[in-house]
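In this text, residue positions in the sequence shown follow my numbering: the first is 50, and each later residue adds one. Quick notes on the structure that follows.
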Amino acid sequence: QVQLVESGGGLGQPGGSLRLSCAASRVRFSLGAMGWYRQAPGKERELVATITSDGRTNYADSVKDRFTISKDNAKNTVYLQMNSLNPEATAVYYCTWKTGWNDYWGQGTQVTVSS
């Protein structure tokens, strides 16, 4: 079965960086799109970034030019490099695989940005 396992969350400093990883099992990177979503306390889950099978990326306006999504097909891993962190980035971050007829989600990893 499909498995998405996030790692790399934790405490980040304002202005600092964190890199999230998503190890994907039984996922065909050539199909659909991988992505990251986040859910802050008391807020709805929102899109952060996506990357398609051919490498096209899309970002939420709030993270554009600060966050970068990438993938390593050989390692079946998706990354989210987060720079210039601010407290608004505090949330649970979820890795996703959307095929067009199924959506798969990881369990999430907590990111807290605080001094």
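The beta carbon of each residue, even a glycine, is placed where N, CA and C say it ideally should be.
Limits of the beta strand (DSSP E) - the one that residue i falls within
i      : result
SER56  : 52–56
GLU95  : 95–101
ASN151 : No beta strand (DSSP E) contains ASN151, which DSSP labels as neither H nor E.
ALA89  : Segment: none, ALA89 is in no beta strand (DSSP E) and carries neither H nor E.
ASN107 : 106–108
LEU80  : Neither: LEU80 is in no beta strand (DSSP E) and is coded neither H nor E.
Distance CB(residue i)-CB(residue j) smaller than 8 Å
i      : j      : result
GLN130 : GLU55  : no
LEU69  : GLY61  : no
SER66  : VAL51  : no
THR148 : LEU80  : yes
VAL97  : PHE116 : yes
Three-state secondary structure (DSSP) of residue i
i      : result
ALA177 : Absent from the structure is residue 177, since the part of the chain shown begins at 50 and ends at 164.
ALA123 : coil
PHE116 : strand
VAL160 : strand
SER14  : A question about residue 14 goes unanswered here, because the residues of the chain that appear run from 50 up to 164.
ARG75  : coil
GLY61  : strand
SER70  : strand
Residue i burial status per 10 Å Cβ neighbour count (16 or more: buried)
i      : result
LEU53  : buried
LYS113 : exposed
TRP150 : exposed
LYS16  : Absent from the structure is residue 16, since the part of the chain shown begins at 50 and ends at 164.
Problem set entry | Stretch pair the region 128–143 + the region 73–93: three plus CB contacts closer than 8 Å | The region 128–143, when compared against the region 73–93, does touch it at the 8 Å Cβ threshold.
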